[in-house]
Structures are given as structure tokens and as C-alpha cells.
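Enquirer:
Numbering (the numbering used here), first residue to last: 228 to 415.
As C-alpha cells, this is what we get:
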């Protein structure tokens, strides 16, 4: 018997007693992946560990200037929550300097971008719902430069990342130029 309000999702667990199935991760656990540029990725919850419900990742971007070009996803929403430092985020309309406690939600199809132009490290959470295989995407980014345009486009499509210039993908914008012009940006 169910007394769930109609605004809840359908039941995914139908037993009458709960089970022991939670997972715990200590704050000092090492990252699952460290990119060649030193940025780290903690795979807190993946598509596999949540049965596809969501993916949650903690990213640390170092002080080096960098980021991704505006893009969108067709299958999932994405959200950013800044833990420390500052990242530069784009909501499809305007850029914002996002710092500790700031949050950005992007529904499927929403154009967005993010990067670090502050010159200081930044840590933030990224939430994808439903969960996609973002681990392979993060780990594949370092190989984009050695791919042909066709291989790069295929990689991006396979990982639900659609850029205005698919041949250039995430690296189409100059984040160094963005950082040098920082004072002239319209940020809110």
C-alpha cells in the first residue's frame, strides 16, 4: 500500500522493510582522477553507483586559467555548487563570478559554460541528473588535442556534449583573453 503524494516519483524500492545499502566516503579520500594540468575529480556518486539516478562530482580547478566553451546536453541537467574559490559561469545569457555558496542549475538543452579566471584554486560540485558516464568524459578530455576533428566530434556526441564548433569542442574559446578582460565583464 502506498500513500505517496502524486508529486513524488514512482516507487523504486517496493519492500516493506529497509535494507543496509548506503555508502560513505571520507573527506580525505584521494581523487579518482587527476588531469595532466593538476585539476582533480572526485567521483562521489556515479551513474553506476546510483543506478542512473544522478552523478555527483567534486572538482578542483587549480589557479591556471581555463574552462570550457559554451555547450549543452540533450539527456541530462547539470548543476554547479561552489565550495571554495571562484569560478566564472555562463547561464546562456550572461556571465557570473560564482563564489562559495553560489549555485547554477542548467536544464537539458540549456547553454552553459564554466571556467576559472581568478588565478586562485576553486572547488565545486557538479551534479548531473539523470546520471551519465561523465568519468569517461573527464578522463578523455586530455586526449582531445590528439584526435582528428571527426574523432573529437564523435567523442563529444557520445558524451552528450554539444558545442557550437564541434571540431574545436571545449577549447574553442580563449580563457586567457577572458581573464585579461575580466574587469570589463558584466557580472552579477
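Where a beta carbon is used, it is the ideal one built from N, C-alpha and C, also for glycine.
Beta-carbon within less than 8 Å of residue 390's beta-carbon, same chain only, minus the 5 sequence neighbours each way: which residues are those?
Expert: Residue mapping note: residue 390 aligns to position 163 of the chain shown, counting from 1. Around residue 390: 296, 297, 298, 383, 396, 397, 399.
Enquirer: What is the residue span of the beta strand (DSSP E) that residue 246 lies within?
Expert: One-based indexing of the chain shown puts residue 246 at position 19. No beta strand (DSSP E) holds residue 246; DSSP gives it neither H nor E.
Enquirer: Straight-line CA distance for residue 286 to residue 234?
Expert: In the chain shown, counting from the first residue as 1, residue 286 sits at position 59. In the chain shown, counting from the first residue as 1, residue 234 sits at position 7. C-alpha separation (whole angstroms): 32 Å.
Enquirer: On the DSSP bridge list, what partners appear for residue 292?
Expert: As a first step, residue 292 is located in the chain shown; it is residue number 65 there, counting from the start. BP columns for residue 292 are empty, so no partner.
Enquirer: Can you check which of these residues, 374, 331, 240, 318, is closest to residue 278 by C-alpha distance?
Expert: Locating residue 278 in the chain shown gives position 51, where the first residue counts as 1. For residue 278, the closest C-alpha among the options 374, 331, 240, 318 is that of 240.
Enquirer: Please classify residue 332 as buried or exposed, where buried requires at least 16 neighbouring CB atoms within 10 angstroms.
Expert: As a first step, residue 332 must be located in the chain shown, where it is residue number 105. So residue 332 ends up on the exposed side.
Enquirer: Taking residue 358 and residue 301 to be in contact with their CB atoms under 8 Å, please state how far apart those CB atoms are, rounded to whole angstroms.
Expert: Within the chain shown, residue 358 is the residue found at index 131, counting from 1. Within the chain shown, residue 301 is the residue found at index 74, counting from 1. Actually they are not in contact, since the Cβ atoms of residue 358 and residue 301 sit about 15 Å apart, beyond 8 Å.
Enquirer: Judging by CA-CA distance, which residue of 321, 309, 374, 291 is the nearest neighbour of residue 345?
Expert: For this step, residue 345 is matched to residue 118 along the chain shown. Of 321, 309, 374, 291, the residue nearest in Cα terms is 291.
Enquirer: When burial is assigned at 16 or more other CB atoms within 10 Å of the CB, is residue 368 buried or exposed?
Expert: Locating residue 368 in the chain shown gives position 141, counting from the first residue. So residue 368 counts as buried.
Enquirer: Would residue 326 pass as a contact of residue 364 if the rule is Cβ separation under 8 Å?
Expert: Here residue 326 corresponds to residue number 99 of the chain shown, with the count starting at 1. Here residue 364 corresponds to residue number 137 of the chain shown, with the count starting at 1. No, the Cβ-Cβ distance between residue 326 and residue 364 is not below 8 Å.
Enquirer: Fully enclosed by the segment 234-290, which beta strand (DSSP E) runs are 3 residues long or longer?
Expert: 267-272, 282-288
Enquirer: Taking the alpha helix (DSSP H) that residue 399 falls in, what are its first and last residues?
Expert: Position 172 of the chain shown, counting from 1, holds the residue named residue 399. No alpha helix (DSSP H) holds residue 399; DSSP gives it neither H nor E.
Enquirer: Identify which residue in 348, 236, 251 has its Cα closest to the Cα of residue 289.
Expert: For this step, residue 289 is matched to residue 62 along the chain shown. Closest in C-alpha terms to residue 289, from the list 348, 236, 251, comes 348.
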